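Participant:
Residue numbers (my numbering), protein chains in the order written: chain A, 1 to 231; chain B, 1 to 445.
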């Protein structure tokens, strides 16, 4: 089978010339091999989606946020709660983009979650301070941050002990996250935290996770440090 | 045999227990991976009979144990990527209509390569981070050899194949850039040579979906060699000059606005110049540039190709280039920048400067040397490199036995350059057989 325009032999099943795309006159009995898996007819495979989950979320969240502004101003003009809606919406995006749809390791996902929840709490506290000072206090540092770190340490600790086959993937993350558990105690020392109960719990849980990782996973830990921090 | 087994175990044990750094040139590839593109190349072996998927899987399972450098998973470190041993099972994947689909940790069981089959083809895609085409070819040859053996064919390695039982040497796993690195003074560094200048960018309508358009042109090696002999040039020079001429004829000749130089990237296999048996990356690029407003005759372009390649394959110059690239890697500021910042920097610089320095890539693999006993079971071999939006057209060449395969891969719908290229070849009396995946048209089959 030849293309008379390009003066070439066509080596695969085709109705048109691969170079000039002119129609070929195919003999009826000709049975040529396919050079490649056939592309689904009439449409491009894996055609780009009209919208992604991220863009869908962003448009819905922004719409809600924009609608909340006039509702807020018309109903409770003294309290700007639409800003909290915005902060929660932003957290939702982090949840979707960096946690649900992300390929990152569980450690990085936990860190993203922790930071974004803390930011939401700080935003709420900041608004309360501005608009309802009687409700605002140091609760974010006293209870919010330690709670986040306790949960983070517990989740990584439990995950590390369950998925011990994948220790090499998680152990450094677990250690790093647990180390963050001492931050509330440091904040207590510099008098940012006033009620240290949860800070102490956070430090205790972190210590337990670090000790377990250090004793049981010592060899893995050393080898992972060498790998991860080579330069 | 026992010694071989013992040696294998020794090297295997070392490679399994430990992890490995990426070689000097591989370090850049994972950083350049984007949502839409990844540096992938493909070696396809067209057998004379249909491929049996189950036997191919068995062959792959056996072969992978011989190649510890391929039995790895790409991991993120704090400062650099690294390879960790991958104990997951290797899989055979059904061939996908979308060519050069990204090789990810998820879709390839952590491996940096993918083996698939379609009718009589064994298709092997490799992420450039683990090896270059020479290293990959050794793996593919071994895989096909094992496959043919398992199907009961009488094939002999003739010392041309790294067979499953053969000893694994440390030389195969070495970073030959480091082995050939010599400390040089800052003045001697060839940074400017590696930078290049602005290049003409091939225009066209980009595919609105993933995948590359692929066109293979098969011809007789003897016919091409006869033409090259007549023109007193090598095959790379001849085909490279034709490629530049085709780009000029199809895109620049009738253009009103000013066009930059046509700059071809031609990989140089450093194993031919430096003593190395590595299966990892060991190649550098030569830049061949032609000013479209000067003499663009084929003879002149052949001369340009000849001069550039001669200059860029000078051993002393290459040694300096190797030293420059290794120096860049070893430079303390580069070493201590966290990986995520390096990625941002590379993506940023690639986005703004990568596009402007290269018109297209021309990669000539050369001859795939296989034993005679295998040749009777192999119809042809093809080699293709992925292209992307910034470099939308690439040309790759391979020959096996007496068959030469010239492959164009592109991200644009137009096939004008390929058509012009084929016209020049046929005008020189070369008979071409062309196949395509017809990515640019619907209902072509």
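We put the CB at the ideal spot given by N, CA and C, even for glycine. Computed from a prediction, not measured in an experiment: that's the story for all the values here.
Do you know offhand how far residue 81 of chain A's Cα is from residue 62 of chain A's?
Facilitator: In a straight line, the C-alpha of residue 81 of chain A is about 15 Å away from that of residue 62 of chain A.
Participant: Taking buried to mean at least 16 other C-beta atoms within 10 Å of its own C-beta, is residue 205 of chain B buried or exposed?
Facilitator: Exposed: under 16 other Cβ atoms inside 10 Å.
Participant: Starting from residue 262 of chain B, trace the beta strand (DSSP E) both ways and give me its first and last residue.
Facilitator: Residue 262 of chain B -> beta strand (DSSP E) spans 262-269.
Participant: Assign residue 200 of chain A to one of two classes, buried (16 or more other C-beta atoms within 10 Å of its C-beta) or exposed (fewer than that).
Facilitator: Flag for residue 200 of chain A reads exposed.
Participant: Could you give the residue range of the alpha helix (DSSP H) that holds residue 230 of chain B?
Facilitator: Residue 230 of chain B -> alpha helix (DSSP H) spans 221-231.
Participant: Under three-state DSSP, which class holds residue 166 of chain B?
Facilitator: DSSP places residue 166 of chain B in coil when its eight states are reduced to three.
Participant: For the stretch 61-83 of chain B, which residues have a CB atom closer than 9 Å to at least one CB atom of chain A, in sequence order?
Facilitator: So the close ones are 75, 76, 77, 78, 79, 80 and 82.
Participant: Taking 7 Å as the threshold (beta carbon to beta carbon), is residue 9 of chain A in contact with chain B?
Facilitator: Cβ-Cβ to chain B under 7 Å: yes for residue 9 of chain A.
Participant: Please check the pair residue 155 of chain A and residue 178 of chain A, which I expect to be a contact at CB under 8 Å, by giving their CB distance rounded to whole angstroms.
Facilitator: So it is not a contact: roughly 11 Å between Cβ atoms.
Participant: Run through the stretch 336-396 of chain B for me and flag every whole beta strand (DSSP E) of 3 or more residues, listed as ranges in chain order.
Facilitator: Counting only runs of 3 or more, we get 360-367 and 378-385.
Participant: So residue 472 of chain B packs on residue 129 of chain B, CB below 8 Å; how close in whole Å?
Facilitator: For residue 472 of chain B there is no data in the structure shown, the boundaries of chain B being 1 and 445.
Participant: Can you tell me the Cα-Cα spacing of residue 276 of chain B and residue 411 of chain B, whole angstroms?
Facilitator: Residue 276 of chain B and residue 411 of chain B: Cα-Cα distance of roughly 34 Å.
Participant: Using a threshold of 7 Å, state whether the C-beta atoms of residue 82 of chain B and residue 19 of chain B are closer than that.
Facilitator: Going by C-beta atoms, residue 82 of chain B is nearer than 7 Å to residue 19 of chain B.
Participant: Counting only the same chain and skipping the five closest in sequence on each side, list residues whose C-beta sits under 6 Å from that of residue 358 of chain B.
Facilitator: Once the five neighbours on either side are set aside, the close Cβ partners of residue 358 of chain B are 199, 263, 265 and 391.
Participant: I'd like to know if the stretch 170-183 of chain B and the stretch 376-391 of chain B are in contact, where contact means that at least 3 CB-CB pairs between them fall below 8 Å.
Facilitator: At 8 Å Cβ cutoff, the stretches do not touch.
Participant: Mind pulling the chain A residues with CB within less than 9 Å of residue 418 of chain B?
Facilitator: What residue 418 of chain B touches in chain A: 18 and 19.
Participant: For the stretch 82-122 of chain A, which segments carrying the alpha helix (DSSP H) assignment without a break, of at least 4 residues, lie completely within its bounds, in sequence order?
Facilitator: Runs of the alpha helix (DSSP H) inside the stretch 82-122 of chain A: 82-94.
Participant: How many whole angstroms separate the CB atoms of residue 422 of chain B and residue 217 of chain B, which I take to be in contact at a CB cut-off of 8 Å?
Facilitator: With a Cβ gap of about 6 Å, residue 422 of chain B and residue 217 of chain B count as contacting.
Participant: Locate the beta strand (DSSP E) running through residue 44 of chain B, then write down its first and last residues.
Facilitator: Unbroken beta strand (DSSP E) run through residue 44 of chain B: 40-47.
Participant: Buried or exposed for residue 145 of chain B, please, with buried defined as at least 16 other CB atoms from any protein chain shown within 10 angstroms of its CB.
Facilitator: Buried, since its Cβ has 16 or more Cβ neighbours within 10 Å.
Participant: Just list the residues that DSSP pairs residue 125 of chain B with in beta bridges.
Facilitator: Note: residue 125 of chain B sits in a beta bridge opposite B/42 and B/114.
Participant: Any Cβ of chain A within less than 7 Å of the Cβ of residue 436 of chain B?
Facilitator: Taking Cβ atoms only, chain A reaches closer than 7 Å to residue 436 of chain B, which makes this a yes.
Participant: How is residue 289 of chain B classed by DSSP in three states: helix, strand or coil?
Facilitator: The answer is strand: DSSP assigns residue 289 of chain B an E or B state.
Participant: Could you please tell me which residues of the stretch 182-214 of chain A, in chain order, have their CB closer than 9 Å to any CB of chain B?
Facilitator: If the cut-off is 9 Å between Cβ atoms, the stretch 182-214 of chain A has nothing near chain B.
Participant: Identify every residue that forms a DSSP beta bridge with residue 84 of chain B.
Facilitator: The partner list for residue 84 of chain B (beta bridge, DSSP) reads B/73.
Participant: Just verifying my parser: in three-state terms, what is the DSSP assignment at residue 305 of chain B?
Facilitator: In this structure, residue 305 of chain B counts as helix in the three-state DSSP scheme.
Participant: Do residue 84 of chain A and residue 124 of chain A have their beta-carbon atoms positioned less than 7 Å apart in this structure?
Facilitator: Yes; because the gap between Cβ atoms is below 7 Å, this pair is in contact.
Participant: Is the beta carbon of residue 221 of chain B less than 7 Å from the beta carbon of residue 402 of chain B?
Facilitator: Yes, the Cβ-Cβ distance between residue 221 of chain B and residue 402 of chain B is below 7 Å.
Participant: For the alpha helix (DSSP H) containing residue 180 of chain A, name the first residue and the last one.
Facilitator: Element bounds for residue 180 of chain A: 167-180.
Participant: Give the range of the beta strand (DSSP E) segment to which residue 9 of chain A is assigned.
Facilitator: Residues 8-10.
Participant: Determine which residues of the stretch 192-222 of chain B have a Cβ less than 9 Å from any Cβ of chain A, and write them out in chain order.
Facilitator: The stretch 192-222 of chain B vs chain A, Cβ under 9 Å: 207, 208, 209, 210, 211, 214, 215, 216, 217 and 218.
Participant: To which residues of the same chain is residue 89 of chain B closer than 7 Å at the C-beta, ignoring the five residues directly before and after it?
Facilitator: 109, listed in sequence order.
Participant: Quick one: measure Cβ to Cβ for residue 37 of chain A and residue 13 of chain A, integer angstroms, because I've assumed they're closer than 8 Å.
Facilitator: 12 Å between Cβ atoms; not a contact.
Participant: Against chain B, does residue 68 of chain A count as a neighbour if the rule is that its beta carbon must be under 7 Å from one of theirs?
Facilitator: No - not a single Cβ of chain B is within 7 Å of the one on residue 68 of chain A.
Participant: Where do the N-terminal and C-terminal ends of the alpha helix (DSSP H) with residue 434 of chain B fall, by residue?
Facilitator: Element bounds for residue 434 of chain B: not the alpha helix (DSSP H) but the beta strand (DSSP E), 433-436.
Participant: Name, please, each residue of chain B whose Cβ falls closer than 8 Å to the Cβ of residue 51 of chain A.
Facilitator: Here the premise fails: no neighbours, minimum Cβ distance about 15 Å.
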